[in-house]
Amino acid sequence: MADLSIEFAGIKAPNPFWLASAPPTDKAYNVERAFEAGWGGVVWKTLGEDPAAVNVSSRYSAVFDANGEVSGFNNIELITDRSLEVNLREIEAVKKSWPDRAVVVSLMVQCEEESWKKIVKQVEQTGADGLELNFGCPHGMPERGMGAAVGQVPEYVEMVTRWCKTYSRLPVIVKLTPNITDIRVAARAAKTGGADAVSLINTINSITGIDLDDMVARPIVDGKSTHGGYCGPAVKPIALNMVGEIARDPQTYGLPISGIGGIGNWRDAAEFIALGSGSVQVCTAAMVYGFRIVKEMKSGLSNWMDSKGYESIQDFQGLAVPNTTDWKYLNMNYKVVAKIDQDKCTGCGRCYIGCEDTSHQAIDIKSHDDGTNSFEVIDAKCVGCNLCEISCPIEGCIKMEVQDTGLEPMNWTEDPRNPYRDAS
Ligand SMILES: Cc1cc2nc3c(=O)[nH]c(=O)nc-3n(C[C@H](O)[C@H](O)[C@H](O)COP(=O)(O)O)c2cc1C
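Going by the UniProt record's numbering, 278 is the number at position 278 of the sequence shown; the sequence numbering is gapless.
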């Protein structure tokens, strides 16, 4: 059976599934229940200096998919609203009871050396395994000069990371904000400051919708609202891209990455690991479905690893990184065309209308005497864009088939049609 244990930036855990810093990790009661359910580690809900933060009511809003499941989740909560002393006491007790699990503590204080020096020393005394610097919270805290206000300025990222490395012997994970143009800049700054790892993504600035009767965004606080932080399945593609950008950046290559954003099952986790993550963190899925989801995550990952012959997480960690490249290095001579399985086709015509109205007019419609229609791909016109395969409601009905062009691979930097090929 596959070995799921990891050592991430020097922190050991029995499996790569950690709960992200958020309500699920806000107190000992939750964390104990999470460990009983089988989570490999937690990043404790962000601690700050006293007096503790004060939250508003209400706090969350969401976007739902066609089945009524949460596809995107938005929150306007701040960091922990419990006192530092209570949190530190609970962290110490939990770590003592669960020595084999990773207990990382998330931190956010004023951008002053003394504040950071004091809190990292206090956390160190709890026996926690590591620190995560919250440079990502996008709402409330930036107005006070913290969270994303630090994460968006590479010089601050480097400076605070260096303070923490100077005053603590614990591994320092820098949690990055996605609310930035180029995530690599912040990751490089963290590395220069001495970070042992980065974690990403924190939440994305968002307004999930407007109540058109009361003319206010959600969540509503006495007739007013504010932007929140977006997370859940909808952010996974953004998070994966950012993880991949850091994993393949020569300047941060090899820097451990804890992948976060929309992870809800073993497959999501495997994708983040394949793109270079050494651990994964989960928030929304645990909040919506409860801690028990980790059971399926562990068994699913383990079974899949067995089926592929991967004995450990390291065996497949980062395998997708070399295959993630710049557009200009893709093979211009590779060609796929759509094939419609006539036995599966219901004749709905979605493939046809999309291709006809918006794409390459590469699907032919035939109307029959009985009032039904059938569809055929015109190979010569099909550019292999995948639109029909994506929009077809019947699984496996449209497949993209690789064509033998007989041509050698050639990328854009080599392509005679590229007027700038000598410069690229
Ligand atoms: C209600 C809520 C509170 C959160 N609080 C924190 C926090 O205190 N510190 C932090 O670093 N991230 C916080 N996050 C962000 C999560 O840790 C995580 O980065 C984000 O939700 C993306 O993961 P997900 O898609 O699995 O939810 C919070 C998220 C939610 C939904």
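From the three backbone atoms N, C-alpha and C, an ideal C-beta is built for every residue, glycine too.
Just so it is clear, the structure is predicted and the values come from calculations on it, not from any experiment.
Asked: 6 Å CB neighbourhood of T126 in its chain, flanking five on each side removed; Found: L88, I91, E92
Asked: R33 CB to nearest heavy atom of ligand 1 below 8 Å; Found: no
Asked: Cβ-heavy atom distance, Y60 to ligand 1, below 8 Å; Found: yes
Asked: Residue span of the alpha helix (DSSP H) that contains E395, given as start and end; Found: Counting along the chain, E395 falls outside any alpha helix (DSSP H), and DSSP gives it neither H nor E.
Asked: Candidates V288, P237, G278, of which the one nearest I11 by Cα; Found: G278
Asked: For L47 and V105, believed in contact at Cβ under 8 Å, the rounded distance; Found: 6 Å
Asked: M287 Cβ short of 8 Å to ligand 1 heavy atom set; Found: yes
Asked: I260: CB within 8 Å of a non-hydrogen atom of ligand 1; Found: yes
Asked: Where D364 sits in the DSSP three-state scheme; Found: strand
Asked: Contact check, A34 vs K295, beta carbons under 9 Å; Found: no
Asked: Unbroken stretches of the beta strand (DSSP E), 3 residues or longer, contained in the stretch 253-321; Found: 257-260, 277-282
Asked: Rounded distance between the beta-carbons of E155 and V43, thought under 8 Å; Found: Wrong, their Cβ atoms sit about 25 Å apart, outside the cutoff.
Asked: Candidates L200, W163, D415: closest to I180 by CA position; Found: L200
Asked: Whether A239 touches I260 by CB criterion (9 Å); Found: yes
Asked: Nearest candidate by alpha-carbon position, reference C382, set D182, I313, A362; Found: A362
Asked: Buried or exposed (CB count within 10 angstroms, at least 16 for buried), R267; Found: exposed
Asked: CA nearest to the CA of K118, picked from E158, Y167, L301; Found: Y167
Asked: Where F135 falls, given that 16 or more other Cβ within 10 Å makes a residue buried; Found: buried
Asked: Beta-bridge pairing of L107 - partner residues as DSSP gives them; Found: L47, L133
Asked: Status (buried if at least 16 other CB within 10 Å, exposed otherwise) for T284; Found: buried
Asked: Residue of Y289, C351, A320 minimising C-alpha distance to V70; Found: Y289
Asked: 8 Å Cβ shell around L330 - same chain, five flanking residues per side excluded; Found: N411, W412
Asked: Three-way DSSP call (helix, strand, coil) for W18 in this model; Found: strand
Asked: Best match in S115, D341, Y29, L301 for proximity to L4 [C-alpha to C-alpha]; Found: L301
Asked: Local conformation of D357 per DSSP, three classes; Found: helix
Asked: Beta carbon of G194 nearer than 9 Å to that of V172; Found: yes
Asked: Per-residue DSSP class, three states only, for K344; Found: coil
Asked: Closer than 8 Å: P219 CB and nearest ligand 1 heavy atom; Found: no
Asked: Run of the alpha helix (DSSP H) containing K121, from where it starts to where it stops; Found: 113-124
Asked: Stretch pair the stretch 60-77 + the stretch 218-232: three plus CB contacts closer than 8 Å; Found: yes
Asked: Whether E401 touches K339 by CB criterion (9 Å); Found: yes
Asked: Identified DSSP bridge partners for C388; Found: According to DSSP, C388 bridges with nothing at all.
Asked: Check whether P24 and M287 have beta carbons under 9 Å apart; Found: yes
Asked: Distance cut-off 8 Å: residue 504 Cβ against heavy atoms of ligand 1; Found: Given a span of 1 to 424 for the chain in the structure shown, any question on residue 504 remains unanswerable.
Asked: I11: first and last residue of the uninterrupted beta strand (DSSP E) it sits in; Found: 11-13
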